[in-house]
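Protein chains in written order, with our numbering: chain S, 82 to 220; chain E, 11 to 312.
Cβ coordinates follow ideal geometry from the N, Cα and C atoms, glycine included.
Structural data, given as structure tokens:
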């Protein structure tokens, strides 16, 4: 084959580049965009019933779930109930119950009754004076 | 005569005389070292043979340790087969001190013996067997029990100090109660169906049981050996199918594997967990170690 060495070198480079490009594409590690972590569907939010019974009417209370206030009342009563909608996985839920009891009051209790989406009822009690904050796990 | 009297008083008040009066405790667990110091207060002199920068699974006592154990009145070990050397250590030193195998005083959870610890042939169990999980201190309830066990043993050695030990133990137990409450509140930030821990070391069974977690321990991730591609595929499948948000390798010796897992699953790499006892700095106390672990887990899985 005749011709300028420069042209021959250029032709060789083009051939190598044409073969090399698909080869590089096949073998290079790509910084792929990660797939979403979870193939587990999020737990659907469902209505649950909450019923509170206090042995002494507290100054205030708040029930929290996953860092959000679920229920609080400025003027609580001895017995109250409410329906709330939250995800309720099979493993259950943790509710944080914070109660401000009247100053100087004797040891008092609150009963928290939860009716789950299946209609089953579960009860937990909280005892305290001053300020009480407890994590209650249902069921 | 006056000089002799002064010398005698000075000798009695000297630090060495006071130290000799203290109960000598040898501890082979960083957690038990703290418990002994907290419960014993100034009535004990505690030597922590296993320090926070040491792996208790790999620890081997040196001649200086033997000498201290020989003089100890109380020897504290985690037990549940964590310290295979301690029985022989006591025989070798001829100590008359009490060997208190604290962990054996409460029930064990079982774990698969595949997490890279060198238990040695004397253990009598094969790789893959179910063995007692020795990491009992990841249950605060167990640590509360350990405080009472140490309190009672110190009171047996020095009945005159029984009230002091009881008061110190009650104060420390109060701190543990507060810690337990803090932990429950922090963990409550995580939905119960997202409490899944992928760790490289199967050391958190007690923590998991107490706080509603499921553990997926990854064999091979922290060892120097490359796990097989089949194993890596299994890990990726678990993380994807369980929707695990983060993995917690204790020591990353396989960065390629870790990179592959995180790229395939988008799971984050969580901060270091203290599996084998107290850490250093802020994690140098039981409370600090526990809070560090909980903060790492909650921030990664939230």
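In the structure shown, residue 63 of chain E falls within a coil segment according to DSSP collapsed to helix, strand and coil.
Chain order gives the chain S residues near residue 202 of chain E as 170, 171, 172, 173, 174, 175 and 218, where near means a beta carbon separation below 9 Å.
By the neighbour-count definition (other C-beta atoms within 10 Å, threshold 16), residue 209 of chain S is a buried residue. Exposed is the label assigned to residue 94 of chain S, since fewer than 16 other Cβ atoms lie within 10 Å of its Cβ.
Residue 148 of chain S has a beta carbon lying within less than 8 Å of a beta carbon in chain E.
Just so you know, the alpha carbons of residue 174 of chain E and residue 140 of chain E end up roughly 41 Å apart. Counting only residues of its own chain and dropping the five nearest sequence neighbours on each side, residue 166 of chain S has a CB closer than 8 Å to the CB of 126, 127, 128 and 129. The three-state secondary structure of residue 74 of chain E, taken from DSSP, is helix.
Per DSSP, the beta bridge partners of residue 131 of chain S are S:163 and S:195.
Within the segment 177-195 of chain E, those residues whose Cβ lies closer than 7 Å to any Cβ of chain S are, in chain order, 194 and 195.
Across the structure, residue 245 of chain E and residue 172 of chain S are spaced so that their CA atoms are roughly 23 Å apart. By the rule that beta-carbons nearer than 8 Å mark a contact, residue 280 of chain E does not touch chain S. Looking at the DSSP output, residue 182 of chain E sits in no beta bridge, so it has no partner there. Cβ atoms of residue 212 of chain E and residue 225 of chain E come within 8 Å of each other, at about 7 Å.
DSSP, read as helix, strand or coil, puts residue 146 of chain S in strand. Between residue 105 of chain E and residue 87 of chain E, the gap from beta carbon to beta carbon reaches 8 Å or more. For residue 188 of chain S, the CB contacts under 8 Å within the same chain, skipping 5 residues up- and downstream, are 208, 209 and 210 in chain order. Residue burial is scored here from C-beta neighbours: residue 97 of chain S has fewer than 16 other C-beta atoms within 10 angstroms and is therefore classed as exposed. Under the DSSP assignment, residue 225 of chain E falls in the beta strand (DSSP E) whose first and last residues are 224-227.
Counting only Cβ-Cβ distances below 7 Å, residue 199 of chain E has contacts in chain S at 147 and 148, in chain order. Each residue's CA atom was taken as its position, placing residue 144 of chain E and residue 68 of chain E some 14 Å apart. A Cβ-Cβ contact shorter than 8 Å links residue 182 of chain S with residue 213 of chain S.
DSSP links residue 177 of chain S through a beta bridge to S:145 and S:216. Counting along the chain, residue 281 of chain E sits inside no beta strand (DSSP E), nor does DSSP assign it H or E at all. Shown in chain order are the members of the segment 210-222 of chain E whose Cβ falls below 8 Å from a Cβ of chain S: 222. Annotation for residue 58 of chain E: the continuous beta strand (DSSP E) segment containing it runs 54-58.
Rounded to the nearest angstrom, the gap between the Cα atoms of residue 136 of chain S and residue 98 of chain E is 59 Å. Under the 10 Å beta carbon count, residue 161 of chain E is surrounded by 16 or more other beta carbons and is classified as buried. For residue 267 of chain E against residue 242 of chain E, the beta-carbon gap comes to about 6 Å, under 8 Å, which counts as contact. Using a CB distance cut-off of 8 Å, residue 124 of chain S counts as an interface residue toward chain E. Non-local C-beta neighbours of residue 132 of chain S in its own chain, meaning closer than 6 Å and more than five positions away in sequence, comprise 162 and 194, ordered along the chain. At the C-beta level, residue 153 of chain E and residue 296 of chain E come within 8 Å of one another. At a Cβ-Cβ threshold of 8 Å, residue 175 of chain S and residue 218 of chain S count as neighbours. Residue 119 of chain E is bridged by DSSP to nothing; it lacks a bridge partner. The beta-bridge partner set that DSSP reports for residue 89 of chain E is empty. Assignment of beta-bridge partners to residue 258 of chain E by DSSP yields E:209.
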